[in-house]
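Undergrad: Before I ask anything, here is the structure I am working with.
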Amino acid sequence: MRAVVYDRYGPPDVLRLDEVPVPDPKPNQVLVEVVATSVNLSDHETLVGTPFYARVGGQRRPARSILGSDIAGVVAAVGSDVTRFAVGDEVYGDNLDLKGGFAEFAVVPDTALAHKPAALSFEQASAIPQSAAIAAQGTRELAPGDRFLINGGGGGSGSLAIPLARRAGAHVTAVDNTDKLDFMRSLGADEVVDHGAEDFTRRGERFDLILDLVGRRSVRAYRRALAPGGTYRWVGGSMSTLVRVLVGGFVVGRVTGRRIGMLVVREGPESFAPIGERCAAGELDVHIAATFPLDDTADALRLVGDGAAPGKVVVRVR
Ligand SMILES: NC(=O)c1ccc[n+]([C@@H]2O[C@H](COP(=O)([O-])OP(=O)(O)OC[C@H]3O[C@@H](n4cnc5c(N)ncnc54)[C@H](OP(=O)(O)O)[C@@H]3O)[C@@H](O)[C@H]2O)c1
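Numbering (the working numbering), first residue to last: 480 to 797.
What follows is the structure, encoded as structure tokens:
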């Protein structure tokens with residue numbers, strides 16, 4: 480089968496198109512003929528090998544040679560223990576552990592998959608799993624009237640988190656680069672902040688919940704931007720900030736009556752399928768900024784790494 484592979488961390492140029500064997504599903508796995516795979520920032524992080532958490536399982540060399548975790552496609556074979564899926568089913572899911580979506584076939588644990596709603600195209604379905612899990616779990620604590628800030632709101636997770644927060648009745652402030660401000664307004668953000676022009680922790684505003692997709696500041700800065708009783712959740716960003724948030728955030732939070740910590744996102748169909756159903760019903764939109772053929776997967780990863788895409792980037796495999 481055709482696959483986009485890599486064997487050392489580096490920029491998108493280290494990716495190459497190759498012929499590799501079709502993988503065999505284990506008893507609990509499904510072989511998916513991939514139609515579309517969306518690109519997540521986590522794919523770009525695992526490509527370049529930074530932040531440090533992107534090297535879990537492969538300190539010196541990548542643990543997996545094929546990236547791509549948000550997969551949508553058709554079941555081509557099932558392992559002996561699989562009962563929920565049959566050959567021909569249309570499925571989607573986040574194959575975060577095994578990846579392999581930038582290839583014509585991928586093996587996926589059956590527990591990572593859901594049936595694709597018929598109203599969604601394969602491209603749309605592939606854009607949902609990881610972003611939906613982050614967006615749903617990152618906004619679930621919101622109550623009407625809460626002041627919510629999302630840092631990195633113009634990317635994949637933000638494009639779902641902003642409307643979800645609005646539907647929860649929160650006042651939404653969204654932070655990203657200049658080119659994504661209009662996009663975030665169109666998603667429903669009440670206020671937008673250009674991170675190149677302004678530091679959201681120095682606006683004098685206090686938020687009840689901060690969801691940080693690109694956490695790179697000090698615990699002190701986050702504490703400054705939180706209302707009493709408020710919560711800060713680090714989702715992605717620099718390793719040093721994560722360590723500071725985990726070590727100092729707990730103490731600072733306890734002392735000042737705030738909660739500063741990490742959002743550990745639970746993956747799986749119970750996390751993303753409810754959002755997929757809402758997208759299929761037309762209640763939420765899937766925002767695809769660009770679609771690339773498999774041969775141009777490197778360009779798709781480049782676009783995500785450069786942060787130039789409002790919403791999601793998708794690779795059309797078949
Ligand atoms: N905690 C968990 O359990 C868990 C699970 C899965 C994934 N993740 C992580 O979640 C993170 C976000 O994922 P995603 O797919 O939503 O990312 P994304 O689509 O790339 O969105 C991130 C957005 O942040 C913007 N940005 C970059 N630097 C910024 C800054 N300094 N201030 C404000 N905005 C900035 C980016 O645009 P520009 O670059 O153009 O500025 C981009 O629009 C990744 O790091 C991933 O590893 C965490």
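C-beta atoms are modelled at their ideal positions from N, C-alpha and C, and glycine is treated no differently.
In this text the structure is predicted, and so the values were computed from the model without any measurement.
Looking at residue 628: is its Cβ nearer than 8 Å to the Cβ of residue 679?
TA: A contact, by the Cβ cut-off of 8 Å.
Undergrad: Just to confirm, does residue 594 get its C-beta within under 7 Å of one of the non-hydrogen atoms of ligand 1?
TA: Outside the cutoff, so no.
Undergrad: Considering just the uninterrupted stretch of the alpha helix (DSSP H) at residue 700, what are its terminal residues?
TA: It spans 698-703 - the alpha helix (DSSP H) in which residue 700 sits, taken as one unbroken run.
Undergrad: Quick check: does the Cβ of residue 766 come within less than 7 Å of any heavy atom belonging to ligand 1?
TA: Outside the cutoff, so no.
Undergrad: Distance, Cα to Cα, residue 733 vs residue 708?
TA: Straight-line Cα distance between these residues: approximately 10 Å.
Undergrad: With H, G and I counted as helix, E and B as strand and the rest as coil, what does DSSP make of residue 686?
TA: The answer is strand: DSSP assigns residue 686 an E or B state.
Undergrad: Would a C-beta distance cut-off of 8 Å place residue 776 and residue 581 closer than the cut-off?
TA: Yes, they are a contact pair.
Undergrad: Regarding residue 528 and ligand 1, is the C-beta to nearest heavy atom distance less than 7 Å?
TA: Checking every heavy atom of ligand 1 against the Cβ of residue 528, none is found closer than 7 Å.
Undergrad: Indicate, with yes or no, if ligand 1 has a heavy atom lying under 7 Å from the CB of residue 609.
TA: Yes - ligand 1 has a heavy atom lying nearer than 7 Å to the Cβ of residue 609.
Undergrad: Is any non-hydrogen atom of ligand 1 found closer than 7 Å to the C-beta of residue 750, if you look at the structure I gave you?
TA: Residue 750 Cβ: outside cutoff for every heavy atom of ligand 1.
Undergrad: Measure from the C-beta of residue 495 to each C-beta in chain B and report whether the shortest distance is under 8 Å.
TA: The structure shown contains no chain B; it holds only a single protein chain.
Undergrad: Given 7 Å as the limit, tell me if residue 650 has its C-beta closer than that to any heavy atom belonging to ligand 1.
TA: Incorrect: residue 650 has no Cβ contact closer than 7 Å to ligand 1.
Undergrad: Grab the span of the alpha helix (DSSP H) containing residue 644 for me, first residue to last.
TA: Here the alpha helix (DSSP H) through residue 644 covers 635-646.
Undergrad: Do residue 642 and residue 756 have their C-beta atoms closer together than 8 Å?
TA: Contact: no.
Undergrad: Residues in its own chain within less than 6 Å of residue 694 by CB, not counting five upstream and five downstream?
TA: For residue 694, where only same-chain residues beyond five positions count, the Cβ hits under 6 Å are 713, 716 and 720.
Undergrad: Flag residue 695 as yes when its Cβ comes closer than 7 Å to any non-hydrogen atom of ligand 1, and as no otherwise.
TA: Yes.
Undergrad: Terminal residues of the continuous beta strand (DSSP E) containing residue 616?
TA: Per DSSP, residue 616 belongs to no beta strand (DSSP E); it is in the alpha helix (DSSP H), 608-618.
Undergrad: Within the stretch 745-769, note down every full alpha helix (DSSP H) run reaching 4 residues or more, in order along the chain.
TA: The qualifying runs are 748-759.
Undergrad: Taking the alpha-carbon positions, what's the residue 636 to residue 765 distance?
TA: Residue 636 and residue 765: Cα-Cα distance of roughly 11 Å.
Undergrad: Let me know if residue 605 comes out buried or exposed under the rule of 16 or more other beta-carbons within 10 Å of its beta-carbon.
TA: Buried, because 16 or more other Cβ atoms sit within 10 Å of the Cβ of residue 605.
Undergrad: So, with DSSP's three-state summary, where would you put residue 538?
TA: In this structure, residue 538 counts as coil in the three-state DSSP scheme.
Undergrad: Using the Cα positions of residue 489 and residue 675, report the straight-line distance between them to the nearest angstrom.
TA: Between residue 489 and residue 675, the C-alpha separation is close to 26 Å.
Undergrad: Taking 7 Å as the cut-off, is the C-beta of residue 602 nearer than that to any heavy atom in ligand 1?
TA: No - ligand 1 has no heavy atom lying nearer than 7 Å to the Cβ of residue 602.
Undergrad: Considering just the uninterrupted stretch of the beta strand (DSSP E) at residue 692, what are its terminal residues?
TA: Run containing residue 692: none; DSSP gives neither H nor E here.
Undergrad: Would you say the stretch 496-512 touches the stretch 598-615, given that touching needs at least three Cβ pairs under 8 Å?
TA: Contact fails: fewer than three Cβ-Cβ distances are below 8 Å.
Undergrad: Any heavy atom of ligand 1 inside 7 Å of the beta-carbon of residue 787?
TA: Yes, the beta carbon of residue 787 sits closer than 7 Å to at least one heavy atom of ligand 1.
Undergrad: Considering only their Cβ atoms, is the gap separating residue 724 from residue 698 smaller than 8 Å?
TA: For residue 698 and residue 724, yes; Cβs fall inside 8 Å.
Undergrad: Run the CB neighbour count on residue 548, radius 10 Å, all protein chains shown included, and call it buried at 16 or more, exposed below.
TA: It counts as buried.
Undergrad: Decide if residue 602 is buried, meaning its Cβ has at least 16 other Cβ atoms within 10 Å, or exposed.
TA: When all chains shown are included, residue 602 counts as buried.
Undergrad: If you measure between the beta carbons of residue 551 and residue 566, is that distance less than 8 Å?
TA: Not closer than 8 Å, so no.
Undergrad: Say yes only if the C-beta of residue 726 is nearer than 7 Å to one or more non-hydrogen atoms of ligand 1, and no if none qualify.
TA: Not under cutoff, so the answer is no.
Undergrad: Buried or exposed, going by whether 16 or more other CB atoms sit within 10 Å of the CB of residue 454?
TA: Residue 454 lies beyond the residue range present for the chain, which begins at 480 and ends at 797; the question has no answer from this structure.
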